[in-house]
Amino acid sequence: MNTICLLLDHEENRRLLADHFRNLTSREPATDGSGTAARDHSEFEIAIPEPGELADLRFDLAIVDGPAFVRHREELARKKAAETPVFLPHLLLSRGEADELPDWVWEDVDEIVETPVDTTTLDHRIDNLLKRRGLSTQLDVERERSEQRFHALFEAAPDPVVVVTPDGEITDANQSFANLVECDLDDVLGERITNLATSAKETVERLLLEVEPPDDDSGTVRWDRSDGEPRFTELRAEAIDGLGDSVERIGILRDVTLRRQQKRELVEKTERLDAFAGTVAHDLRNPLSVARGNLELASETGEYDRLETVEASLARMSQLIDELLTFARSGDDDVDIEPVSLREAAATAWDHVETERATLDVVTDGEIHTDHSRLVELFENLFRNAVEHGASTSKQPDASPDDTVRIRVGVLEPDVLARARGGGTDQSVRDDGPVGFFVEDDGPGIPDAKRSEVFESGFTTAAGGTGFGLAIVKQIASVHGWSIQLTESDDGGARFEFLGVDAEIEE
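Okay, structure coming up:
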């Protein structure tokens, strides 16, 4: 039912119009084309406000005469603005012609009917105004439904979404965005982007307010998080046309952390493949040439003792191929994590290495959460490195009789962890238990100047060495997320400490 508010100072006109609307019938074309049919308009409700009641009165159409319009103009304008975007019509009954009225009158009224009133004209104008109001109401309902659907999708979106004004104030955001900036959603709304407690705030504001979207990696944002794990997002922004002159910007942030990690891993694998191919071509050339030359000489001269040289070259080639394949595989991140005994893995590796000139002592056992085969490979390469570099010479002549190198393995003790923490070299040291293990020897050790190079593929100081042993160790540690500290043992040899490891000491 439509409510018509009569704001008329002229009492007789007010009474006549009220009676007219109560008794009004309208004529509309009959659907069968046989003429006209009467339709009851008793659904009109007439409201005649008392002084002071207009502010709280709800109506669908106001009919006002000149004196009342002047007196209630501000209140009528306020009510019209409050209903926006729904149309609230005002109809003015004027003694003069509409063309003679000042322009400011049309700012607050939608139709003008001259007095004395022609009821047919009045009814027609009222019908049009109420149809416009009905249509605007319907459109507003649809708009509200669309906004509700949009906001439901907005909130449910897995990607962080934020809406900002041209000056960077956040007018809307979803929970995913609040989680990204590590704030409560209520604290984010109404705040400026640059006031957020995040290192990415200036970059985000710049990308949100840019007119032209970036066409390269400049649209990628790094978020430094409280958990120490950075996240990376791609930000794309678009303009949202508003009802007024202000144009807001909506930004959608797609998490590309995993994609960047996979891209980095692909680059690393490609580099390992290039290193593998280059080393195969380079390092196999010499023993292959030696074997071929001695084989030809043995065939031509009958000096079959040269076959021993051929055999040694073939053995060298076999060693190179084995270690190159191990190096290529060591960077594969497909690991099967399980509890592994430190003592058992060390013993298994010990059986795979020529250790006649070395001894092994597992000083503390414990369970390492790791891939069993990878841990064995790591020990094999560390043991082989210690034997090759430590058995023939010793930094401490009285430490190992008969040129025997002593190798010790164990879980890192709390004092070692405290030292690592104090040194500030590893951020993964935890307070709730052991997080690492060590392998050390009493050989000549590794000079400080060489410690940054020993983990590079191809680096070796031993005659006949391949230079891949410690590179394999580094890659196995990296796959597990471990860090390595290379220090000096108490006997002056090399000590490798692996940190960031899940481990448990056996009492």
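Quick note: the sequence shown uses the numbering used here, first residue 1, plus one each step.
A virtual CB, placed ideally from N, CA and C, is assigned to each residue, including glycine.
Source: prediction; values computed, not measured.
Exclusion of the five residues before and after E303 leaves L297 as the residues of its chain whose Cβ lies within less than 7 Å of its Cβ. With respect to the C-alpha of T404, the residue from L378, T359, A152 and T364 having the closest C-alpha is T359.
Under the three-state reduction of DSSP, S226 is assigned to coil, being neither helix nor strand.
Counting along the chain, no alpha helix (DSSP H) covers T171; the unbroken beta strand (DSSP E) around it starts and ends at I170 to A173. Rounded to the nearest angstrom, the Cβ distance from F498 to A471 is 16 Å, too far for a contact under 8 Å. Taking 9 Å as the cut-off, the Cβ atoms of D60 and P89 count as close. Going by beta carbons, L135 and V113 fall outside the 9 Å limit. For L7, the three-state secondary structure derived from DSSP is strand. Take the alpha-carbon of A197 and the one of E45: they are about 56 Å apart.
DSSP places R495 in the strand class (E or B) of the three-state scheme. Under DSSP, the beta-bridge partners assigned to F232 are R222.
In this structure, DSSP gives L93 an extended state, which the three-state scheme calls strand. Counting along the chain, no alpha helix (DSSP H) covers P339; the unbroken beta strand (DSSP E) around it starts and ends at I337 to S341. In this chain, the alpha helix (DSSP H) harbouring D123 covers T119 to A156. Burial check for E74: the Cβ neighbour count within 10 Å stays below 16, so the residue is exposed. Bounds of the alpha helix (DSSP H) holding F69 are G66 to E83. Of the residues V181, V204 and D305, the one whose Cα lies closest to the Cα of G219 is V204. Shown here, T309 sits in a helix according to DSSP, grouped into three states.
Ranking G436, F438, S483 and T364 by CA distance to the CA of F455 puts S483 first.
Counting C-beta atoms within 10 angstroms of its own C-beta, F438 has 16 or more neighbours from the protein chains shown and is therefore classed as buried. For E100, no beta strand (DSSP E) segment is defined, and its DSSP state is neither H nor E. Under the three-state reduction of DSSP, F87 is assigned to coil, being neither helix nor strand. Judged by DSSP secondary structure, V164 falls within the beta strand (DSSP E) whose first and last residues are V161 to V164. Residues I337, E338, P339, V340, V501, D502 and A503 of the same chain have their beta carbon placed closer than 8 Å to that of H369, with the five preceding and five following residues left out of the count. Excluding sequence positions up to five before and after D123, its CB lies less than 6 Å from no other CB in the same chain.
The C-alpha of A237 lies about 14 Å from the C-alpha of D172. In the structure shown, the three-state DSSP call for V439 is strand.
Contact between V479 and V335 holds, since their C-beta atoms are separated by about 6 Å, short of 8 Å. Of the residues assessed, R408 falls on the buried side of the cut-off, its CB having 16 or more other CB atoms within 10 angstroms. Selection P287, D365, R357 and S299 evaluated against A345 yields D365 as nearest (Cα-Cα). Going by DSSP, D187 is part of the alpha helix (DSSP H) stretching over L185 to V188. Residue pairing from DSSP places D361 in a beta bridge opposite R408. Under DSSP, Q485 forms a beta bridge with E497.
Secondary structure of I472 (DSSP, three-state): helix. Take P287, set aside five residues on each side of it, and the residues of its chain with a beta-carbon closer than 6 Å to its own are S313, R316 and M317, in chain order. Contact fails between the segment 132-150 and the segment 161-168, because fewer than three Cβ pairs, one in each stretch, are under 8 Å apart.
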